[in-house]
Amino acid sequence: MLKRLFPVLLAVTVAAILVLPSFAQQTGGTLIIGRGADSVTLSYYATAAPDSEVLAHIAETLFRLTPDGKIVPHLAESHSLSADGRTMTIKLRRGIRFTDGTPFDATAVKWNLDFFRNPANRIQFQFLVSEVTSVDVVDSNTVRISSGRAFVPLLAHLTHDFIGMHSPAAVERAGGMQAPVGMPYGRAPVGTGPYVLKEWVRGDRLVLERNPNYWGPNKPALDQIVWRVIPDDGARVLALESGQIQVAVRVPPRDTSRLVLNRDIRVDRTSSLRTIYMAFNNQRRPFTDARVRQAFNYAVNKRAIVQTILGGAARVSDAPIAPGIVGYAPVMTYAYDINKAKQLLTEAGFPQGLNVTIHHPSGRYVQDAAVAAAVQAQLRDAGINARLVTMEWATYLQVTNRPVEQTDIEMFMLGWGTVTGDADYGLYSLFHSSQWAPGGSSRFFYKNTQVDGLLDQARAITDPARRAATYKQAMGIIMQDAPWLFLHSESQITALRRDVQGLIVHPTERVLAYNARVGR
Amino acid sequence: MSRYLLKRLLLAVPVLLGVSIVVFTMIRLIPGDPALLMAGQAATEEVVRQIRQSLGLDRPIVVQYAYFIRNIARGDLGRSLFNGAAVTEELGQRFPRTARLALAAILVALLIGVPAGILSATRHLSWVDTFFMVLALAGVSMPVFWLGLNLILIFAVRLQWLPAIGHETWKHLILPAFTLGAASAAIIARMTRSAMLEVLRHDYVRTARAKGVAESSVISRHALRNALIPVVTVVGLQLGTLLSGAVLTESVFAWPGVGRLLVDAVLARDYPVIQGAVLLIATMFVLLNVVVDMAYAVLDPRIRYE
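Residue numbers (the numbering used here), protein chains in the order written: chain A, 33 to 552; chain B, -8 to 297.
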């Protein structure tokens, strides 16, 4: 019986392999972008760039942060702030509809902001609007947002793609947007944007289609935008070279020298808002002594790391936050000076040098493990004997998140993307002493009352110049105090075919194609 | 025969139950917290606690396991903690892709491995033998991603004959199947060669030759068939491994199958997906073992299961 079945089975198998559905690739107006990771959810429960870069095409924000760091109205027409900085009145553009046909108006904005800020909905990025106490509809195209106290970063926070405007009717129709990942709506988002979701095959591809009725002045040019998941960095670049995709994101630095020789390909380097640092446990000896922390900063040649390991695709940090963030100013860098490092260590009571353990992730940031190894090698010249502990990300995140009295971490590497584009998110979340882990994001337990005071003040200063000056002062103290071994801010390397035009590589690590075209 | 088959299948139940207990406890014992991962670096303790609660991870592990088994009985493997997708749906989408790739790879491996093994054995210690065995050594030693990227470089970038990535048409299947099949081909070639060498020494082969049977017939009907039993065993194991997903090949060719799903799930501590995928893989292995044992009986009439 089985004997007779075997050839049949074999034939069926061969047939199953050979008869496969065919998929039409790459018609005139399609842009295919290769990226390493898929989106998780297209809803308010989005947490990372693979979500926000897609959302930006579907659910638009009230305001936008331009690549050069300006905040411009988008779905909003204008805004005004009350003298005490506590009330923001926003005029909305008229006549816009969501792609399901329902009107975009003040009621819809109120619904969206109320949903986002409601603690019961457990949205991870709720803190963006946590200071808001009420959202009121003044008339059909005017909303008033009130805060308990002056909270100036709010405008920047409203540019965040995670607070795009979704159609309330569509959320209801889909069956809601539920914690923790915003399903079922997160697979069927509806906004006002130039593109609408057509198809999403998880782990494989996500396809957007042109919205023919788009309200904005820049009509979408492409028929489709496709994001393909190509997890292997090398394969992503090869797929670009073969012409199968038109854009490859997160190109490894080692491949750029080859790509620039290819006449069909253009390599774009855009600095990102992500700062990479090694933090000290500021409450643990010997790092309670600022001289020790400064010695580490003098002992590492950041420029050499950027040039050799990162192929120049990074920028040595001259402030705790990166350029392009509202409130950034170049403050200072620690020059590479071994003698100075040794002298400071001697003054601090370590003439023989010292031993330290550095924890770091691998594969999370560009060349992270190689950077850690370079730091280790350079520290040795200053008499600092560093031991490296490499950890897989999930474990790492947990190990570095313990409260100060439980942690045994001395030094660790981490990155911080100031995704709101405003200094408050980059400085307050990390350097204000109310933000210690595990309650907050400061895993290095820095405390300086003067810095605390300045960061508190800056939140309420409405005059941009005075606010910038306050941040500059705070950053000056932080750099001097050296709670981190300051390293660099990353650049994103994106490679694209020459016939792609109008693509925006945004410093917030998103590739935006709403104005893109593909030439024949 | 059918009684034996039934017994074998019933035995699979305690095996799979054991696998489920081991996987369930192991992934919870390793460090790493899915709630913390989902909340991200910026999350507060309160948010992490709420996520943990909404995922049901705050309940005792025994209770979690009981729910898990109850749901399996209903055909529900739960939902991904990470993206909310139903695990059965996710596996249902990915397993056919993995199966397609695995079957194509094993076909490539058989088409290369068996003839190479026969040629090596029949021309034992000749240059043909040396050539194939060096090739086999290269086949098992070559890193998959290296081979895969080079194949893409040659056939997709330079020659533009085949697509670099994707899984849509039969053209997309060629490079990954070859990449994945190369190592299996090498193993099958070596196994076929040694089994054939063994069999060719037997009296019945000499008898067949002595009575004037054509050499091709001696090889194919008398020797090969007897040599196939160990080869079938190896093919079964290879196929089992291939069906559990090939994470490197899947990553290089952007072929979203079970392997990549499982590795991503482990990195994200996505418990339901890990559990579902491991159970599926264990089931595949158990079934394949049964099929291999059945194949013995087909190849060798002396083997009977009662």
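We treat Cβ as the ideally placed atom computed from N, Cα and C, and that holds for glycine. If you're wondering where the values come from, they're calculated on a predicted model, not measured in any experiment.
Closer than 9 Å to chain B by CB, residue i
{"i": "Leu270 (chain A)", "result": "yes"}
{"i": "Gln57 (chain A)", "result": "The predicted model places Gln57 (chain A) with a pLDDT of 34, which falls under 50 and marks its position as unreliable, so this point remains unresolved."}
{"i": "Ala306 (chain A)", "result": "Checking the displayed sequence, the identity of residue 306 (chain A) turns out to be Arg instead of Ala. So no, Arg306 (chain A) is outside the interface."}
{"i": "Asn433 (chain A)", "result": "yes"}
{"i": "Pro105 (chain A)", "result": "no"}
{"i": "Ser466 (chain A)", "result": "no"}
{"i": "Thr73 (chain A)", "result": "yes"}
{"i": "Met445 (chain A)", "result": "no"}
{"i": "Leu50 (chain A)", "result": "Low confidence applies here, because Leu50 (chain A) scores a pLDDT of 40, under 50, leaving its location unreliable; read the following figure in that light. Chain B, which has a Cβ nearer than 9 Å to the Cβ of Leu50 (chain A), makes this yes."}
{"i": "Pro185 (chain A)", "result": "no"}
{"i": "Arg260 (chain A)", "result": "yes"}
{"i": "Thr79 (chain A)", "result": "yes"}
{"i": "Ala336 (chain A)", "result": "no"}
{"i": "Glu273 (chain A)", "result": "yes"}
Residues near residue i by beta carbon distance below 7 Å, same chain, minus five either side
{"i": "Phe38 (chain A)", "result": "Caution applies to Phe38 (chain A), whose pLDDT of 48 falls short of 50 and renders its modelled position unreliable; the value that the coordinates give is listed next. Once the five neighbours on either side are set aside, Phe38 (chain A) has no close Cβ partner at all."}
{"i": "Ala206 (chain A)", "result": "Pro216, Tyr217 and Ala220"}
{"i": "Ile42 (chain B)", "result": "Ala26, Met29 and Ala30"}
{"i": "Lys557 (chain A)", "result": "Because chain A spans 33 through 552 in this model, residue 557 (chain A) falls outside it and cannot be assessed."}
{"i": "Val119 (chain B)", "result": "Leu110 and Ser111"}
{"i": "Val169 (chain A)", "result": "Ala138, Thr139, Lys142 and Val175"}
{"i": "Arg301 (chain A)", "result": "Ala345, Ser523 and Ile525"}
{"i": "Asp49 (chain B)", "result": "Arg43"}
Close beta carbons around residue i, own chain, < 6 Å, minus the five adjacent residues each side
{"i": "Gln326 (chain A)", "result": "Leu376 and Ala514"}
{"i": "Val14 (chain B)", "result": "Gln266 and Val269"}
{"i": "Phe130 (chain A)", "result": "Phe136, Ser199, Val222 and Thr224"}
{"i": "Gly227 (chain B)", "result": "Leu279 and Val283"}
{"i": "Ala96 (chain B)", "result": "Ala168, Leu171, Gly172 and Leu233"}
Nearest to residue i (by Cα), restricted to the options the options
{"i": "Asp265 (chain A)", "options": "A:Gln399, A:Leu74, A:Tyr460 and A:Thr422", "result": "A:Gln399"}
{"i": "Ala180 (chain B)", "options": "B:Leu219, B:Ala57 and B:Gly157", "result": "B:Leu219"}
{"i": "Pro470 (chain A)", "options": "A:Tyr77, A:Ile341, A:Gln438 and A:Val213", "result": "A:Gln438"}
{"i": "Arg61 (chain B)", "options": "B:His213, B:Ser11, B:Phe169 and B:Leu138", "result": "B:Ser11"}
{"i": "Gln229 (chain B)", "options": "B:Ala177, B:Arg216, B:Val257 and B:Val190", "result": "B:Ala177"}
{"i": "Val135 (chain B)", "options": "B:Met285, B:Val243, B:Leu94 and B:Arg212", "result": "B:Val243"}
{"i": "Arg335 (chain A)", "options": "A:Ser179, A:Val324, A:Leu487 and A:Ser521", "result": "A:Ser521"}
Interface flag, residue i vs chain A, CB-CB below 9 Å
{"i": "Gln229 (chain B)", "result": "no"}
{"i": "Ile21 (chain B)", "result": "yes"}
{"i": "Asn74 (chain B)", "result": "yes"}
{"i": "Val119 (chain B)", "result": "no"}
{"i": "Asp291 (chain B)", "result": "no"}
{"i": "Arg50 (chain B)", "result": "no"}
{"i": "Ser208 (chain B)", "result": "no"}
{"i": "Leu258 (chain B)", "result": "yes"}
{"i": "Arg216 (chain B)", "result": "no"}
{"i": "Leu0 (chain B)", "result": "no"}
{"i": "Phe136 (chain B)", "result": "yes"}
{"i": "Ile42 (chain B)", "result": "yes"}
{"i": "Ile143 (chain B)", "result": "yes"}
{"i": "Gln84 (chain B)", "result": "yes"}
{"i": "Gln151 (chain B)", "result": "yes"}
{"i": "Thr35 (chain B)", "result": "yes"}
{"i": "Asp194 (chain B)", "result": "no"}
{"i": "Met17 (chain B)", "result": "no"}
{"i": "Phe122 (chain B)", "result": "no"}
Nonlocal neighbours in the same chain, by C-beta distance under 8 Å from residue i, ignoring five residues either side
{"i": "Gly248 (chain A)", "result": "Pro226"}
{"i": "Gly66 (chain B)", "result": "Thr79"}
{"i": "Leu140 (chain B)", "result": "Val243"}
Unbroken alpha helix (DSSP H) run spanning residue i, endpoints
{"i": "Ser349 (chain A)", "result": "No alpha helix (DSSP H) contains Ser349 (chain A), which DSSP labels as neither H nor E."}
{"i": "Trp232 (chain A)", "result": "Per DSSP, Trp232 (chain A) belongs to no alpha helix (DSSP H); it is in the beta strand (DSSP E), Tyr227 to Val233."}
{"i": "Thr307 (chain A)", "result": "First-last for Thr307 (chain A): Ile297 to Phe312, but that is the beta strand (DSSP E), not the alpha helix (DSSP H)."}
{"i": "Met275 (chain B)", "result": "Tyr262 to Leu290"}
{"i": "His213 (chain B)", "result": "Premise fails: His213 (chain B) is in no alpha helix (DSSP H) and is neither H nor E."}
{"i": "Val436 (chain A)", "result": "Looking at the DSSP string, Val436 (chain A) is not in any alpha helix (DSSP H), and its letter there is neither H nor E."}
Terminal residues of the beta strand (DSSP E) in which residue i lies
{"i": "Pro247 (chain B)", "result": "Careful: Pro247 (chain B) lies outside any beta strand (DSSP E) and carries neither H nor E."}
{"i": "Trp425 (chain A)", "result": "Run containing Trp425 (chain A): none in the beta strand (DSSP E); it sits in the alpha helix (DSSP H), Trp425 to Val431."}
{"i": "Gly266 (chain A)", "result": "Looking at the DSSP string, Gly266 (chain A) is not in any beta strand (DSSP E); the run it does join, the alpha helix (DSSP H), is Asp265 to Glu273."}
Just to confirm the assignment: which complete beta strand (DSSP E) runs, minimum length 3, are found wholly within the segment 35 to 75 of chain B? none
Enumerate, from N- to C-terminal direction, the unbroken beta strand (DSSP E) stretches of 3 or more residues contained entirely within the segment 103 to 162 of chain A. 103 to 105, 108 to 113 and 119 to 124
In chain order, what are the residue ranges of uninterrupted beta strand (DSSP E) at least 3 long that sit wholly in the segment 502 to 530 of chain A? 516 to 529
Note down, one range per segment and in chain order, each alpha helix (DSSP H) of at least 4 residues found wholly within the segment 334 to 410 of chain A. 370 to 379
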